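Residue numbers (my numbering): 407 to 517.
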């Protein structure tokens with residue numbers, strides 16, 4: 407299974423976690439994800455996700471001047487987004503625990 411298939415299900419939560427710390431613009435978010443090890447992430451994946459999260463009212467956006475050219479669209483998390491982020495963290499911790507438990511028990515045996 408490719409990592410990109412696994413990532414699709416968790417990228418939304420990862421984005422909310424990053425934006426929960428401080429507002430970010432799209433390219434900055436792509437770079438932050440890459441710095442955290444998500445090296446395969448592209449802007450073509452992130453920008454549609456940001457739009458989706460904004461439509462769900464998990465993020466708000468506003469345009470701000472950029473010192474390097476055109477204005478940038480900055481995203482910040484909403485209270486609804488924070489709630490969803492907490493749910494993601496709880497679900498992720500449970501999933502990781504379950505998978506780790508299964509690997510410990512069955513990991514040495516190949517089907």
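All C-beta atoms in this analysis are idealised placements derived from N, C-alpha and C, irrespective of residue type, glycine included. This structure is a prediction, so every number in the text was calculated from the model and none was measured.
At the C-beta level, residue 466 and residue 452 stay beyond 9 Å of one another. Put simply, the backbone Cα of residue 477 is about 29 Å away from that of residue 416.
Counting along the chain, residue 458 sits inside the alpha helix (DSSP H) bounded by residues 449–461.
In the assembly as shown, residue 507 is an exposed residue. Its beta-carbon has fewer than 16 other beta-carbons within 10 Å. For residue 480, the closest C-alpha among the options 411, 413, 491 and 433 is that of 433. Beta-bridge partners of residue 483 (DSSP): 465.
In this structure residue 412 is exposed. Its beta-carbon is surrounded by fewer than 16 other beta-carbon atoms within 10 angstroms. The straight-line gap separating the alpha-carbon atoms of residue 425 and residue 509 is approximately 32 Å. Judged by DSSP secondary structure, residue 438 falls within the alpha helix (DSSP H) whose first and last residues are 432–441.
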